[in-house]
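J.:
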Amino acid sequence: MGDHFAFVYSSRFADYSFGDDHPFKVQRYQLTYELIRQLGLLASDTIKIIEAPLVDEEALLSFHRADYLKTLKEFSRETTPRANFFFNLGDVENPVFPGLYDWARLGCGGTVEAARQVVRDGCRVAFNMAGGYHHAHAARASGFSYLNDAVIAINDMVGQGLRVAYVDIDAHHGDGVQEAFYHTDRVLTISLHESGEDFFPHTGFPWEMGEGKGFGYSVNIPFRAHSDDLIFEQAFRRIVLPLLDCYAPDVLVTQLGVDSLRTDPLTRLEMTTGSIELAARSFLGTGIPWVAIGGGGYDKFNVCRGWALAWAIMTGKTVGDDLPAEFRKIIRDMGMKGERLRDMPHLALPDDFSRAEQTLGKVLRTLESRLFPLFGL
Ligand SMILES: [Zn+2]
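Numbered per our numbering, the sequence shown spans residues 837 to 1213.
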């Protein structure tokens, strides 16, 4: 039997709302599903479409604190908005809306199910686009993240004796995931992101390398604003791929946030869909069983293109550059423009590029001198 693949999805991913003025639009999930379907990327004997289940409440306790979960659940049931400063719930960034708890459990259940598809059912790749809420802490919502699906799924795999590598290409540092595994060598976390110097969540510096047994197993590659595909590729080839090769995990979990694209409204990186494809191709090329999850992305058109391209690569399909006519109509009706699946090539301005390259050079030298010897590199 050849490779098979799992696409974990629920139409309920898009059933809720953070509010009209909030940058996080859950409709992006439905739009991505539509594009993937219309491109013919779900129609194959080798692809299973799996309905995302709600995650077991018990499983959430492997990371989240019971009092935080209780409050999240309570607030989600009420029709008048509630807030709790300590749990960071109910502010403009992390609003509480009716059904929030179940919506978050659905995304988290999707990632746990994707991991199950890979570990238990032997899928080559499983993808849950409604995951990657990497900012959620044990008892604090943050950055539109309430339940940390990656941590819950990885805890489950580590509990089965597996070693896991987590690579996060979202424009923001994967702080919640790093925090969860900062003291262990059973999980290698690597995050590539816009520098936290003046950018949310203000962490993810190269000197954050883990502690105790975990020293060397937290890896951070911060990019200067305006870094482009060339910078991303250098970092990916010089750090990410050699470390994955050396660590040789049983399972690879990747957070595929697409807010690093240059037209994302919340970030200042200048990558294109070319970087998403490069990352996806490289992940597949490692041959490691692969659990792929979504992440940030605040331009709906970017999100659906980035994840459709990634899914095509995961399943070994080639796609052309034209958007299906039916899809072009959908996005036109939503007031968006666009004809093509891929971005045109883009380079940062020369001054921006040389500053970005200098910054990356320093990061690479730090990691290669302090981290690589630990891996025998
Ligand atoms: Zn992000």
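C-beta atoms are modelled at their ideal positions from N, C-alpha and C, and glycine is treated no differently. What you are looking at is a predicted structure, and each value in this text was computed from that prediction instead of being measured.
Look up residue 1025 in the DSSP assignment and say whether it is helix, strand or coil.
T.: For the purposes of this step, residue 1025 is taken as the residue at position 189 of the sequence shown. Looking at residue 1025 - three-state DSSP - the assignment turns out to be strand.
J.: Considering only the alpha carbon of each residue, which of 1026, 978 and 878 lies closest to residue 1083?
T.: By 1-based counting over the sequence shown, the position of residue 1083 is 247. It is 1026.
J.: Counting only runs that start and end within the stretch 977-1006, where is the alpha helix (DSSP H) found for 4 or more residues in a row?
T.: Fully enclosed alpha helix (DSSP H) runs of 4 or longer: 985-995.
J.: Quick one: does the C-beta of residue 945 sit closer than 8 Å to a heavy atom of ligand 1?
T.: Here residue 945 refers to the residue found at position 109 when the sequence shown is read from its first residue. No - ligand 1 has no heavy atom lying nearer than 8 Å to the Cβ of residue 945.
J.: Could you please give the first and the last residue of the uninterrupted alpha helix (DSSP H) stretch that includes residue 906?
T.: Residue 906 sits at position 70 when you count from the first residue of the sequence shown. Unbroken alpha helix (DSSP H) run through residue 906: 902-913.
J.: State the DSSP-derived secondary structure class of residue 837, mapped to helix, strand or coil.
T.: As a first step, residue 837 must be located in the sequence shown, where it is residue number 1. Note that residue 837 scores a pLDDT of 48, beneath 50, so its modelled location is shaky; the value from the coordinates is reported in the next line. Looking at residue 837 - three-state DSSP - the assignment turns out to be coil, as it is neither helix nor strand.
J.: Have a look at residue 1174 and residue 868 and give me their C-alpha separation to the nearest angstrom.
T.: The count along the sequence shown starts at 1 and reaches residue 1174 at position 338. The count along the sequence shown starts at 1 and reaches residue 868 at position 32. In a straight line, the C-alpha of residue 1174 is about 14 Å away from that of residue 868.
J.: Considering residue 1088, what are the terminal residues of the beta strand (DSSP E) in which it resides?
T.: As a first step, residue 1088 is located in the sequence shown; it is residue number 252 there, counting from the start. Counting along the chain, the beta strand (DSSP E) containing residue 1088 begins and ends at 1087-1091.
J.: So is residue 849 buried or exposed if we call it buried at 16+ other beta carbons inside 10 Å?
T.: To locate residue 849, count along the sequence shown from 1; it is residue 13. Answer is buried; the Cβ neighbour count reaches 16.
J.: Provide the residue span of the beta strand (DSSP E) that contains residue 1126, from first to last.
T.: Taking the sequence shown and counting its residues from 1, the one referred to as residue 1126 is at position 290. Where residue 1126 is concerned, the enclosing beta strand (DSSP E) stretches over 1126-1129.
J.: Is residue 1162 near residue 874, with beta carbons less than 9 Å apart?
T.: The residue given as residue 1162 occupies position 326 in the sequence shown. The residue given as residue 874 occupies position 38 in the sequence shown. Yes, these two residues count as a Cβ contact at 9 Å.
J.: Ignoring anything shorter than 3 residues or poking outside the stretch 1056-1110, list the beta strand (DSSP E) runs there in chain order.
T.: Segments of the beta strand (DSSP E) lying fully in the stretch 1056-1110: 1087-1091.
J.: With DSSP as the reference, identify every bridge partner of residue 1030, one or two as the case may be.
T.: The residue labelled residue 1030 in the question sits at position 194 within the sequence shown. 1059, per the DSSP bridge assignment.
J.: Answer yes or no: do residue 948 and residue 1004 have a C-beta to C-beta separation smaller than 9 Å?
T.: Here the question's residue 948 lines up with position 112 in the sequence shown. Here the question's residue 1004 lines up with position 168 in the sequence shown. Result no, Cβ atoms of residue 948 and residue 1004 do not sit closer than 9 Å.
J.: Following the continuous beta strand (DSSP E) through residue 962, name the residue where it begins and the one where it ends.
T.: On the sequence shown, position 126 is the one that residue 962 refers to. 961-964 is the extent of the beta strand (DSSP E) around residue 962.
J.: In this structure, what does DSSP give as the bridge partners for residue 809?
T.: The structure shown does not extend to residue 809, since the chain spans only 837 to 1213, so no value can be given for it.
J.: Please confirm if the stretch 1023-1041 is in contact with the stretch 1059-1066, defined as three or more CB-CB distances below 8 Å between the two stretches.
T.: Yes, the stretch 1023-1041 is in contact with the stretch 1059-1066.
J.: Name the DSSP beta bridge partners of residue 887, please?
T.: Start at 1 with the first residue of the sequence shown, and residue 887 comes out as number 51. Looking at the DSSP assignment, residue 887 forms a beta bridge with 845.
J.: With respect to 8 Å, is the separation between the Cβ of residue 1095 and the closest non-hydrogen atom of ligand 1 below this value?
T.: The residue labelled residue 1095 in the question sits at position 259 within the sequence shown. For ligand 1, at least one heavy atom lies less than 8 Å from the Cβ of residue 1095.
J.: Cβ of residue 1102 within 8 Å of any heavy atom in ligand 1?
T.: Stepping through the sequence shown from its first residue, residue 1102 is reached at position 266. Yes, Cβ of residue 1102 sits closer than 8 Å to a heavy atom of ligand 1.
J.: Would you report the Cα separation of residue 841 and residue 916, rounded to the nearest angstrom?
T.: Working through the sequence shown from its first residue, we reach residue 841 at position 5. Working through the sequence shown from its first residue, we reach residue 916 at position 80. If I take the Cα positions, the gap works out to 42 Å.
J.: Can you list, in chain order, the residues of its chain with a C-beta nearer than 7 Å to that of residue 987? Leave out the 5 residues immediately preceding and following it.
T.: Residue numbering aside, residue 987 sits at position 151 when the sequence shown is read from its first letter. Around residue 987: 899, 1012, 1013 and 1016.
J.: Alpha carbon to alpha carbon, how far is residue 1186 from residue 837? Give it in angstroms, no decimals.
T.: In the sequence shown, counting from the first residue as 1, residue 837 sits at position 1. In the sequence shown, counting from the first residue as 1, residue 1186 sits at position 350. At residue 837 the pLDDT is 48, less than 50, meaning the model places this residue with poor confidence and gives no usable figure here.
J.: Leaving aside the five residues before and after residue 957 along the sequence, list all residues of the same chain whose C-beta is less than 8 Å from its C-beta, in chain order.
T.: For the purposes of this step, residue 957 is identified with residue 121 of the sequence shown, where counting begins at 1. The answer, listed in chain order, is 842.
J.: Would residue 1183 be called buried (16 or more neighbouring beta carbons within 10 Å of its own) or exposed?
T.: Residue numbering aside, residue 1183 sits at position 347 when the sequence shown is read from its first letter. Flag for residue 1183 reads exposed.
J.: Going straight from the alpha carbon of residue 944 to that of residue 966, what length do you get?
T.: As a working note, residue 944 is residue 108 in the sequence shown. As a working note, residue 966 is residue 130 in the sequence shown. Approximately 8 Å between the Cα atoms of the pair.
J.: According to the Cβ coordinates, are residue 921 and residue 979 closer than 9 Å?
T.: Along the sequence shown, one-based indexing puts residue 921 at 85. Along the sequence shown, one-based indexing puts residue 979 at 143. No; because the gap between Cβ atoms is not below 9 Å, this pair is not in contact.
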